[in-house]
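Only one structure is covered here, and it is reproduced in the block below.
Residue numbers (this note's numbering): 27 to 262.
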């Protein structure tokens, strides 16, 4: 029984890693192939749902939203192989949403566009509207319009399944590799697995933490521009 459990855990961790590889931030000179789907960016907590429950990006079980599992139970009974991705939010800023998430307060799941086998909208389950775009110019027009309407930004779903996040101010998750404390500030060396950079952090941040870093787009080499600490990501 233990072997089966460990095998299932390994499979979920592998699936979670594959999911993370599908996501990246917008870069200068981005090419947008025909058939890509643009949607407004929601400032929420990512969740993946299947017949066994809700899961975080890292493959950890989400136990704070049992009402969503109940709402989706009938859908997964009919489609046991379906996998759904979305954001958990009630429309509040991320800091409040993260607090509600950790406290077990009910959140709605907003399903990303371009997914197969999505359920009909029910209480607590919403669909994010998507728009097909033909090229980068078309995607840029959608992005500017949504930001002008108050959206946090844009998500582009490419035909190969890659999702690109674009915001006026981007943010990404980084792992803290080391901390250097000086007379005036504390600087962390952080990495997202591909790019390493340095950012000033408040006291209390330590090596091994996962942090959210805000920045103003990326350079051609992938380095974040003007990186700055946003929060310790302790809600996975």
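Cβ atoms here follow ideal geometry from the backbone N, Cα and C, with glycine treated the same way.
Do you know how far the Cα of residue 100 is from the Cα of residue 203? 44 Å
Length of the line joining the Cα atoms of residue 154 and residue 138: 5 Å
Please report the residue range of the beta strand (DSSP E) in which residue 62 lies. 62 to 67
Which residues share a DSSP beta bridge with residue 121? According to DSSP, which records beta bridges pairwise, residue 121 is partnered with nothing at all.
With a cut-off of 8 Å on the beta carbons, I'd call residue 213 and residue 224 a contact; round off their distance for me. 5 Å
Start-to-end residues for the alpha helix (DSSP H) that takes in residue 236: Unbroken run through residue 236 is the beta strand (DSSP E), 236 to 241; no alpha helix (DSSP H).
Using the rule of at least 16 other Cβ atoms within 10 Å of the residue's Cβ for burial, across every protein chain shown, is residue 250 buried or exposed? buried
Can you tell me which of 80, 94 and 136 puts its alpha carbon nearest to the alpha carbon of residue 88? 80
Quick check on residue 138: does DSSP put it in helix, strand or coil? coil
Hey, is residue 66 close to the ligand HEM, as in C-beta under 8 Å from one of its heavy atoms? Of the ligands one can find in the structure shown there are none, so the ligand HEM has no counterpart to examine.
Proximity winner among 192, 231, 140 and 105, relative to residue 50 (alpha-carbon distances): 192
Through-space distance from residue 217 to residue 84, alpha-carbon basis: 16 Å
Rounded to the nearest angstrom, how far is the Cβ of residue 141 from that of residue 182, given a contact under 8 Å? Contact doesn't hold; Cβ gap of about 15 Å is too wide.
Measuring alpha carbon to alpha carbon, tell me which of 130, 145, 245 and 126 ends up nearest residue 268. The structure shown does not extend to residue 268, since the chain is modelled only from 27 through 262, so no value can be given for it.
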